[in-house]
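Right, one structure below, let's go through it.
2 protein chains.
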Amino acid sequence: MANSIYPPYPPPLTAEQTEYLFTTLKDWTIAHGLAVRPAPGFVSKEQDPSGVLATTAPVTLFPSLFPRSCFDEALSIQELYNEFYSRVARDERWLEGIVNELIGVDDFIANLWRIHLEVKREGYVQDLSLGLFRSDYMVHINDEGSDKKLQIKQVEFNTIASSFGGLAWEVSTLHKYLLSVDAYPGGPKTVPMHGNLATSNSVPGLAAGLAVAHKTYEPSNEFNRLCVIFLVQDPERNVFDQRHLEYALLAQHGIRSFRLPWQRILQDTEMTAKRTLVYRPPHLPDLPCEVSTIYFRAGYSPDEYKSEQDWTARLHLERSRAIKCPTVLTQLAGCKKVQQVLATPGKPPRRFMCDGERLAKLMQTFMPMYPMDDGEAGQEGKRLALDPESANRYVLKPQREGGGNNVYRKKIPEFLKSIPESHWPAWILMEMIEPPALRNAILRNGEIQEGGVIGELGVYGACLWRSGTGEEGQGEILRNFEAGYLLRTKGDQSEEGGVAAGFGAVDSCCLVDL
Amino acid sequence: MANSIYPPYPPPLTAEQTEYLFTTLKDWTIAHGLAVRPAPGFVSKEQDPSGVLATTAPVTLFPSLFPRSCFDEALSIQELYNEFYSRVARDERWLEGIVNELIGVDDFIANLWRIHLEVKREGYVQDLSLGLFRSDYMVHINDEGSDKKLQIKQVEFNTIASSFGGLAWEVSTLHKYLLSVDAYPGGPKTVPMHGNLATSNSVPGLAAGLAVAHKTYEPSNEFNRLCVIFLVQDPERNVFDQRHLEYALLAQHGIRSFRLPWQRILQDTEMTAKRTLVYRPPHLPDLPCEVSTIYFRAGYSPDEYKSEQDWTARLHLERSRAIKCPTVLTQLAGCKKVQQVLATPGKPPRRFMCDGERLAKLMQTFMPMYPMDDGEAGQEGKRLALDPESANRYVLKPQREGGGNNVYRKKIPEFLKSIPESHWPAWILMEMIEPPALRNAILRNGEIQEGGVIGELGVYGACLWRSGTGEEGQGEILRNFEAGYLLRTKGDQSEEGGVAAGFGAVDSCCLVDL
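Same order as they appear, the protein sequences are chains R and P.
Here the UniProt record's numbering is used: position 337 in the first sequence is 337, and no number is missing along the way.
Here the UniProt record's numbering is used: position 75 in the second sequence is 75, and no number is missing along the way.
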């Protein structure tokens, strides 16, 4: 955490102003579905067996300050990122190299690759892929005398189940509403909010992405009905986030969707001889529905694959003619190892973007990352990680998906020495992003917590592409657009986290010129 | 309860269909604010001290069947009713006669009249009145060989705090959504729903009523800001119903409103020498706001007037130059005694509508009502009430506002004999409305109850009028329109009730031609 670069914020409130803000926020959020189902620790299953209670989603009371130049840059490069990752996902030969490095340490990656190989052997019958991506950044203060003191640096790039698009749209509307009803009073010395609150287009944006895929899909004409499948976890506390996309898909595009729980894939879907995927709604088994697009809001985490049956289900979907959002290859393109390889200093990933100027724009957002293996970059990584002084600027992340906690700064050398060197390649070293200090207040489970916060900006992108027949990135992009943003804010005492994990809150941006 | 006149309804559902309907409904209602704060018996204050939990409002799973002819008639006569009751409210001399009959039995009415007299002595400074009315009906099966077998008959006419306009609009949208996502399956033999679900315009309608008053109000030009006051109970579980009107008022008309708790009238408002009402928001005491219109969602029940201070507060508002929705006189026009006098057989209320044809339309909706006093109609009332055979077609209602329970049918003679005859004039005898049998399912607090139901159709009306200088109904109507509908449905085992009281549910109409 660097020093603050922002003016004093948020504005101080009297007790009456806090009460007014809180009451207005509590009612607006429920009236507009900025909500979650309550955690079991708040409302037990016994108390509410049919699950009718809901509560305000974790939100910030104020929109957080965010440098306008960083915000604009992040949104403006999203189409480049969409294109870039679409190319990574189409480059099977290159991905194979990555996977081979991981197969020993990561069963999950190995199993995903196995799914790909099985479908490849049989032959893919759908060459369209939909990506609903989210590129996550933090603002970084560059102290090394660059002319750009404030930069956005990428935390990660999500290629599957990028969540909070529904709530991000809502929270940006909430903060604007609160401003319009004087819930953010402030004299002439406070930060001007009017005209500076950024609306997120994430609901219309992501719904438009799904609609593009649905309309591009070529129906078999064997069925009267065509639908999108939201593949979901069950139960899902964050259900309203997803529902807002369903409602927009129906209201704005006239497209029906169904929620298919991860556990019910094999019961509720079947495949024709031509591998058209057919959803048979349990409530209307006589009205089967051809699936144009599968939107994965489940199946992203190793925890969800509890038995071979879950892998059978994933294979079943991958084999089908439905457009996958994402395909297995696209999911693999989002793994940490890929990000590390792309961001390893001195090795610009020209393979995926030959235009140097465009690639440079992306690379400006990379934070240096190193493997911990025996290669050239790995040697440098080990040196940086073992020296207590340099280690203090780094974080050590596990390569494995869903695999353990990060190790921060001074704890890195000691940690490495506590494990066999043969295990080091399972880790990635990344330079720490140093965000400017900022304050806000977060509402969670009815409690307001005030203090220092860290914001993470996620930019959504939608991209539909057609794979080529080759194995090295051939194909073409059919549609590509930026699709709104998310600001996630958490207390600065926690180094891990995200709203879903129970740490942070959804937020929106109050843009400032610095 | 008469025999059913409807086709079989609702359609039978499989377990999977019930599950789909329930899940879809639960999520949609929270995503769209068709919600209430949970009752203390469901979620205690200790569990949720800051009140962030919410639950689906009591709703029906299906839109209830309703005869199209009755629905059309009820909506089409609302403007007549608005005009009629506006005239009653302007006829001080006639109301005085009513009040004089009640003063002995009803302190509440006596106190309201006292407020009126005090303001009259000083002189009223606002001749505009806003009525946001709701006329409540049930469908009545006429077995007496009339050519109109199905008729709507008025249960009551509400001139103050007519609630559920916010939720009525939502529930009609909910039922249409459920139909659009196949939550109401049914073969060719079931009642056709497509094209027959009636949308309620209650939110835009009632908000437009408030906007008309606000824009007609002549500002003092002493203050920069002008607002509408929602005068509310605190706490209020039905807060989202009201919030939807606030949001529409701001979004559709650009009009700011504030929620003023009943207990805080004297703290938070003051009056200028010219009796302009000024609201001083506790959160922004330096930004006073001139009040154009006071929308009463509190102050309607005797229970709310706990001490003389509450009456002082009511007088304070009534004296002011703000437009009242309603004035004290308009509130008095809605008392049961007025309804009884208007609906006493053989005494058409020509005083309020001289056009015989128009009056006849209203009178068709009256159910015969009798006083229980010594006058001519009272004698007839006593005869009907004491004869066990005729009593079986009647209900005995207390005249007093908020005063005790109704006595039904065969229990009437016995009840009357158990109290002194001198107390009989405190009651009103009304012929029972005999609604057709109907079935539906209601969701309340997470439980689904299925069975026989009774529906009550409420039609909202908005009316802005200017009183004349005289005392007998002079003045003119400036705006008058129907403003949407509410269907409230309750289990047919309860003879009392309403959704707020904890008995029923909000519903919408599936219109049928019979």
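From the three backbone atoms N, C-alpha and C, an ideal C-beta is built for every residue, glycine too.
Note that the coordinates shown come from a computational prediction; the quantities given were computed from them, not determined experimentally.
Indicate whether residue i and residue j have their beta-carbon atoms separated by less than 8 Å.
i	j	result
Thr344(R)	Tyr370(R)	yes
Met138(R)	Pro435(R)	yes
Gly402(P)	Ser307(P)	no
Met367(R)	Ile412(R)	no
Leu102(P)	Lys324(P)	no
residue 515(P)	Gly458(P)	Only positions 1 to 514 of chain P appear in this structure, which leaves residue 515(P) out of reach.
Tyr394(P)	Phe133(P)	no
Ser220(P)	Thr272(P)	yes
Leu464(P)	Val212(P)	yes
Leu384(P)	Leu429(P)	yes
Val36(P)	Arg237(P)	yes
Glu122(R)	Gly33(R)	no
When DSSP builds the beta bridges, which residues end up paired with residue i?
i	result
Phe230(R)	Arg259(R), Tyr295(R)
Trp479(R)	The displayed chain sequence assigns Arg, not Trp, to residue 479(R). Answer is Leu464(R).
Ala505(R)	Thr489(R)
Asp136(P)	Glu156(P), Gly458(P)
Glu447(P)	Arg444(P)
Leu429(R)	Tyr370(R), Leu396(R)
Thr269(R)	Tyr279(R)
Ile323(R)	Thr293(R)
Tyr247(R)	In the DSSP output, where bridge partners are listed per residue, Tyr247(R) has none listed.
Gln151(R)	His140(R)
Ser200(P)	The partner list for Ser200(P) (beta bridge, DSSP) is empty, contrary to what the question assumes.
Gly452(R)	Arg439(R)
Ser129(R)	Lys324(R), Trp465(R)
Ala408(R)	This sequence places Tyr at residue 408(R); Ala is not what is there. Paired residues: Val395(R).
Leu174(R)	Beta-bridge pairing links Leu174(R) to no other residue.
What does a CB cutoff of less than 8 Å around residue i pick up in its chain, not counting 5 residues either side in sequence?
i	result
Val512(R)	Tyr6, Pro7, Leu65, Phe66, Pro67, Arg68, Val191, Asn196
Pro12(R)	none
Trp262(R)	Leu231, Val232, Gln233, Asp234, Ala298, Gly299, Glu304, Asp310, Ala313
Ala377(P)	Thr344, Pro345, Gly346, Lys347, Tyr370, Pro371
Ala54(P)	Ile30, Ala35, Val36, Arg37, Pro38, Phe240
Leu250(R)	Arg256, Ser257
Given residue i, which residues of its chain have a CB within under 6 Å of its CB, disregarding the five upstream and five downstream residues?
i	result
Arg90(R)	Ser467, Gly473, Gly475
Pro285(P)	none
Leu245(R)	Gly166, Leu206, Ala207
Met353(P)	Phe84, Leu359
Arg445(P)	The amino acid occupying residue 445(P) in the given sequence is Asn; Arg does not appear at that position. Taken in chain order, the residues that qualify are Phe42.
Thr18(R)	none
Ala501(P)	Note on Ala501(P): pLDDT 38, under 50, position unreliable in the model; the coordinate value appears next. Contacts found: none.
Arg256(P)	Cys227
Pro425(P)	Met372, Asp373
Since residue i and residue j should fall inside the 8 Å C-beta cutoff, what is the C-beta to C-beta distance between them, to a whole number of angstroms?
i	j	result
Ile115(P)	Leu315(P)	5 Å
Ile448(P)	Thr60(P)	Contact flag wrong, Cβ pair sits at about 10 Å.
Asn82(R)	Gly131(R)	6 Å
Glu456(P)	Arg488(P)	5 Å
Leu226(R)	Cys289(R)	7 Å
Cys509(R)	Phe71(R)	6 Å
Leu332(R)	Leu117(R)	With 8 Å as the limit, Leu332(R) and Leu117(R) do not qualify as a contact, their Cβ atoms being about 12 Å apart.
Tyr184(R)	Ile229(R)	Contact flag wrong, Cβ pair sits at about 41 Å.
Just to confirm my understanding: we take residue i, look at its own chain, exclude 5 residues before and 5 after, and list those with CB closer than 7 Å. What are they?
i	result
Thr80(R)	For the record, residue 80(R) in the displayed sequence is Leu; it is not Thr. Arg358, Lys361, Leu362, listed in sequence order.
Glu495(P)	A caution first: Glu495(P) carries a pLDDT of 48, below 50, which makes its placement in the model too unreliable to give a value.
Gln339(P)	Glu156, Phe157, Met369
Val499(R)	Bear in mind that the predicted position of Val499(R) carries a pLDDT of just 37, short of 50, making it unreliable; the figure below should be weighed with that in mind. Here the set comprises Pro58, Phe164, Arg488, Ala505, Val506.
Ala74(P)	Tyr137, Ile152, Leu457, Val459
Leu514(R)	Ile5, Pro67, Leu150
Could you check if residue i belongs to the surroundings of the ligand SAH, using beta carbon to heavy atom distance under 7 Å?
i	result
Leu179(R)	The model depicted lacks the ligand SAH and carries no ligand whatsoever.
_Within the stretch 16-80 of chain P, ranges of the alpha helix (DSSP H) (whole runs, at least 4 residues)_ = 68-76
| task | Could you pull out every unbroken alpha helix (DSSP H) segment of at least 4 residues lying fully inside the stretch 329-387 of chain P, listed in chain order? | result | 336-343, 356-363, 376-386
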